[in-house]
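Going line by line, the protein sequences match chains F and X. In my numbering, each residue carries its 1-based index in the first sequence increased by 92. In my numbering, each residue carries its 1-based index in the second sequence increased by 92.
Protein chains: 2
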Amino acid sequence: MSTPIPEPAAQTTLASIETPALLLDVAKLDRNVDRLTRRLSAFDVTFRPHVKSAKSIDVARRLFPGGSGPITVSTLAEADYFADHGISDITYAVGLAPEKIGRARALVRRGVDLSVLIDSIGQAEALAQAAADGGAMPAVLIEIDCDGHRGGLLPDDPMLATIADRLRQAGVALRGVLTHAGESYGARGGIGLEEAAEGERAAAVAAADLLRRQGHAVPVVSVGSTPTAHFARNLDGVTEVRAGVFMFFDLVMHGIGVCSTDDIALSVLATVIGHRPEKGWILIDAGWMAMSRDRGTQKHPVDQGYGLVCAVDGTPLPDLIVGDASQEHGIIIVRPGSGATLPDLPVGARVRILPNHACATSAQHETYRVLDGGGETVAAVWPRMRGW
Amino acid sequence: MSTPIPEPAAQTTLASIETPALLLDVAKLDRNVDRLTRRLSAFDVTFRPHVKSAKSIDVARRLFPGGSGPITVSTLAEADYFADHGISDITYAVGLAPEKIGRARALVRRGVDLSVLIDSIGQAEALAQAAADGGAMPAVLIEIDCDGHRGGLLPDDPMLATIADRLRQAGVALRGVLTHAGESYGARGGIGLEEAAEGERAAAVAAADLLRRQGHAVPVVSVGSTPTAHFARNLDGVTEVRAGVFMFFDLVMHGIGVCSTDDIALSVLATVIGHRPEKGWILIDAGWMAMSRDRGTQKHPVDQGYGLVCAVDGTPLPDLIVGDASQEHGIIIVRPGSGATLPDLPVGARVRILPNHACATSAQHETYRVLDGGGETVAAVWPRMRGW
């Protein structure tokens with residue numbers, strides 16, 4: 093993982109760029125990718141990273157130094173964007189709205205090996221009707237519910253075979269089953285994550301076995317979430333693993349017990365714009381527009397507010413958090429009860445804020461300012477895509 | 093307020109556009125603008141809308157059918173954008189970071205009448221040093237704290253005169269004082285809003301009087317927030333009023349008691365993608381990426397979750413809310429305890445979601461799809477700007 097960063101921009105430093113700005117430490121990104129890639133290489137599975145956190149071909153190139161995928165996406169706009177940049181093996185892992193079938197088919201026509209996700213006979217029927225014209229169709233994964241988190245069918249639901257039969261009748265390829273242990277995000281300190289991973293595996297494999305007993309080939313058994321991908325001990329019967337936020341990590345993943353704060357590759361650079369010493373406040377120019385409104389650590393034993401404050405070199409400042417935020421203001425406070433003291437940060441001083449949720453914070457920004465080698469020099473500016 | 097919508101796009105309807113999509117009912121926008129404009133016309137004040145919610149010249153043109161401002165902005169990127177579109181009277185109402193002075197001066201050099209906001213001698217000193225070269229400088233407003241919400245000096249702080257003296261010495265124009273009753277957002281059902289408005293007025297006027305007693309001209313006494321602008325009974329001594337979210341309104345403003353749900357001009361169009369009848373869930377394709385993570389009604393007597401669900405014509409569905417959200421999934425539930433029943437919304441059905449916080453939700457989108465005349469036809473697509 094020592095690919096050089098392409099297209100270096102004019103040299104600028106963390107002292108000179110405008111704030112707020114989203115920073116990406118590419119050495120940490122590479123380390124996080126390497127960690128999970130090595131871990132999964134011990135299993136007989138394909139790794140299909142979820143690029144909904146990244147939304148950037150430059151970040152995706154760190155995942156596949158030589159390749160063209162496979163990836164997971166959360167929107168068809170992501171599928172279009174990554175296909176435009178040469179990635180051809182894509183799973184769209186959000187339940188398919190019928191009116192999106194036309195756009196999915198257009199991706200297949202341009203050469204993308206696309207899988208879509210369904211969990212109802214209504215969606216199967218819509219696909220069957222679309223296929224009646226004989227044109228190109230995406231392959232289908234059936235969503236399995238492994239933990240009651242969101243959508244999907246239970247692994248023993250007879251509807252599984254009903255859907256598979258309808259697809260076969262219409263000549264639409266059933267590729268397999270997919271599940272996501274979303275409840276694993278409710279874990280704390282690593283507790284319960286091995287069990288969540290095993291529950292995810294067992295649900296997907298049971299659903300695949302049910303379909304196979306009914307005469308359906310199920311080449312793909314897909315599981316994944318960042319917590320379970322890091323804690324699974326057994327992936328028997330699983331053919332691929334997905335994970336997204338692992339590449340950046342964040343304070344939620346830290347609270348769950350999946351990473352250290354030193355692993356967090358994203359931060360927001362901010363400038364001090366005021367003080368209220370009588371309140372114990374330092375005001376910065378990174379509010380929720382820069383951090384997002386995500387308060388993912390609100391119910392954790394350690395509530396990180398809107399983010400953990402670091403020195404400009406990335407070293408966390410003891411027990412300093414962004415306690416509140418309005419649109420373009422953040423309020424830095426000492427963590428309540430910590431006994432720490434507010435540091436002397438004059439107007440114009442710079443800090444970096446580690447985010448609660450990498451996906452939400454990065455979505456607030458147009459670009460990544462890329463730091464290479466741990467220094468304070470911006471080596472490149474990588475654009476992000478957005479929209480649907 | 094019957095300005096025709098410029099640049100009508102190809103006719104499309106709410107049944108055919110892709111989801112999720114941000115909708116703007118321009119009749120409600122115009123009605124909201126008209127309501128506050130009429131109210132403030134009874135006072136001897138300038139109205140300086142805050143366009144941080146809009147971030148769109150097309151929306152701003154509904155505020156000033158014939159004009160060029162004045163406006164309030166929250167970023168210098170907004171100032172640049174609106175200046176590019178001919179708006180020349182701009183107040184940048186976030187505490188000034190010293191390194192942004194150069195960019196502020198560039199706006200003045202291109203002809204913008206720009207005011208910046210400070211509340212410390214450090215910021216005054218940075219402006220004084222910049223002014224030493226004799227070039228164009230923005231005018232300065234001193235931020236006053238009227239309710240302990242965020243930044244600003246107390247109205248009787250001797251630092252007010254110290255800052256004013258330093259600016260005068262350096263030849264930098266002191267334009268006046270500015271305050272924002274941010275704590276008014278903590279009101280409920282209209283209670284306390286008249287008092288908040290009076291506190292905002294009294295603080296700004298007291299600070300202006302202190303400065304005048306010290307020999308400083310204070311031509312501008314600026315107050316404002318959407319709640320206080322709608323409830324102020326006396327604006328004696330105030331020269332201008334600011335407000336932003338009033339143009340769109342949202343569920344937070346509804347909870348505070350400033351608007352009805354029928355006044356809310358923004359909504360997110362979504363499509364049903366699944367069901368979990370045993371859990372009482374309907375899944376839609378609008379998650380937090382489309383709604384934002386804003387949970388501004390979480391502590392209100394009526395918690396609206398991630399938004400209130402409406403039929404595609406905009407009529408609220410009784411006690412139906414988006415109870416939870418992940419990145420691209422929303423989970424519609426019946427409001428707990430309401431006794432309402434989950435309606436029959438098949439996969440592919442469309443709904444509209446009223447947002448908690450118009451500023452945060454609209455920031456998640458590239459464009460407004462503009463509805464005119466209350467129907468379901470998209471009459472125009474208005475781009476939004478973003479970034480810093």
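Every residue gets a Cβ at the ideal spot worked out from N, C-alpha and C, and that includes glycine.
Three-state secondary structure (DSSP) at Phe139/F? Here Phe139/F sits in strand by DSSP.
Taking the alpha-carbon positions, what's the Leu155/F to Pro141/F distance? Spanning the alpha carbons of Leu155/F and Pro141/F requires a straight line of approximately 8 angstroms.
What residues of chain X sit near Glu275/F, judged by a beta carbon separation below 9 angstroms? Within chain X, no residue comes near Glu275/F; the closest Cβ sits about 11 angstroms away, beyond 9 angstroms.
When you compare the CB of Trp480/X with every CB in chain F, is at least one pair closer than 7 angstroms? Output row for Trp480/X: interface = yes.
With a cut-off of 8 angstroms, do at least 3 Cβ pairs link the segment 389 to 406 of chain X to the segment 429 to 447 of chain X? With a cut-off of 8 angstroms, the segment 429 to 447 of chain X and the segment 389 to 406 of chain X count as touching, because enough Cβ pairs lie within range.
Of the residues Ala218/F, Gly347/F and Asp377/F, which one's Cα is nearest the Cα of Gly388/F? Nearest of Ala218/F, Gly347/F and Asp377/F to Gly388/F, Cα basis: Gly347/F.
Check Thr164/X in the structure and name its three-state DSSP category. Residue state, collapsed to three classes: strand.
Output the distance between the C-alpha atoms of Gly214/F and Ile149/F, rounded to the nearest integer angstrom. In this model, Gly214/F and Ile149/F are separated by some 34 angstroms (Cα to Cα).
Trp373/X bridges to which residues according to DSSP? In DSSP, Trp373/X forms a bridge with Arg368/X.
Is the beta carbon of Val264/F closer than 7 angstroms to that of Leu219/F? Contact flag set, yes.
Below 8 angstroms, how does it come out for the segment 241 to 257 of chain F and the segment 279 to 288 of chain F: are there three or more Cβ pairs, yes or no? At 8 angstroms Cβ cutoff, the stretches do not touch.
Mind pulling the beta strand (DSSP E) runs of 3 or more residues that sit fully within the segment 442 to 479 of chain F? Listed in chain order, the complete beta strand (DSSP E) runs (minimum 3 residues) inside the segment 442 to 479 of chain F are 442 to 446, 459 to 463 and 469 to 475.
Using a beta-carbon distance below 7 angstroms, is Leu233/F in contact with chain X? Contact of Leu233/F with chain X is not assigned, every C-beta pair being separated by 7 angstroms or more.
Proximity test, Cβ basis, 7 angstroms: His421/X and chain F: Judged by the 7 angstroms Cβ criterion, His421/X is in contact with chain F.
Taking only beta-carbon atoms, is Pro190/F less than 7 angstroms away from chain X? Taking Cβ atoms only, chain X reaches closer than 7 angstroms to Pro190/F, which makes this a yes.
Please classify Thr407/X: does DSSP put it in a helix, a strand, or coil? Three-state result, Thr407/X: coil.
Would DSSP call Thr95/F helix, strand or coil? Since pLDDT at Thr95/F reaches only 49, below the 50 mark, its modelled position is unreliable, and no value is offered.
Are the C-beta atoms of Gln215/F and some chain X residue less than 7 angstroms apart? Under the Cβ criterion of 7 angstroms, Gln215/F is counted among the residues facing chain X.
Where Ala101/F sits in the DSSP three-state scheme: Low confidence applies here, because Ala101/F scores a pLDDT of 48, under 50, leaving its location unreliable and the question unanswered by this model.
Rounded straight-line distance, which links the Cα of Gly366/X to that of Pro311/X: One C-alpha to the other measures close to 59 angstroms.
Determine, using beta carbons only, whether Leu57/X and Val364/X come nearer to each other than 7 angstroms. Residue 57/X is absent from the structure shown; chain X starts at 93 and stops at 480.
Can you tell me which of the three DSSP states Glu332/X falls into? Note: Glu332/X maps to strand in three-state DSSP.
Interface residues of chain F around Ala455/X at Cβ under 7 angstroms? Going along chain F in sequence order, the residues near Ala455/X (Cβ under 7 angstroms) are Met381.
Please state whether the Cβ-Cβ distance between Ala222/X and Ile255/X is less than 7 angstroms. Contact annotation: Ala222/X and Ile255/X have beta-carbon atoms that are not nearer than 7 angstroms.
Alpha carbon to alpha carbon, what distance is there between Trp373/X and Ile424/X? Taken atom to atom, the span from the alpha-carbon of Ile424/X to that of Trp373/X is near 6 angstroms.
Between Val165/F, Glu191/F, Ala146/F and Ser160/F, which lies nearest to Gly178/F when the distance is taken from Cα to Cα? For the residues Val165/F, Glu191/F, Ala146/F and Ser160/F, the minimum Cα distance to Gly178/F belongs to Ser160/F.
What is the rounded straight-line gap between the Cα of Pro247/F and the Cα of Thr433/X? Distance between the alpha carbons of Pro247/F and Thr433/X is about 28 angstroms.
Quick one: grab the DSSP three-state call for Arg280/F. Residue state for Arg280/F is assigned as strand, using DSSP reduced to three classes.
Whose CA, out of Thr104/F, Arg130/F and Val151/F, lies closest to the CA of Phe340/F? If we check each option's Cα against that of Phe340/F, Val151/F comes out closest.
Given 6 angstroms as the limit, tell me if Gly429/F has its C-beta closer than that to any heavy atom belonging to the ligand SAM. The ligand SAM is not among the ligands present in this structure, which contains no ligands whatsoever.
Can you tell me which of the three DSSP states Leu434/X falls into? Coil at Leu434/X, not helix or strand.
On a Cα-Cα basis, can you pick out the residue from Val137/X, Thr105/X and Ala146/X that is closest to Ala452/X? Looking at the Cα atoms, Ala146/X is the closest of the given residues.
Per DSSP, what kind of secondary structure is Asp249/F in: helix, strand or coil? Coil.
Could you tell me the boundaries of the beta strand (DSSP E) in which Ile179/X lies? No beta strand (DSSP E) contains Ile179/X, which DSSP labels as neither H nor E.
Identity of the residues DSSP links to Ala113/F by a beta bridge: Ala113/F pairs with Leu361/F.
Mind checking which residues open and close the alpha helix (DSSP H) that includes Asp301/X? In the DSSP annotation of this structure, the continuous segment of the alpha helix (DSSP H) that includes Asp301/X starts and ends at Leu285 to Arg305.
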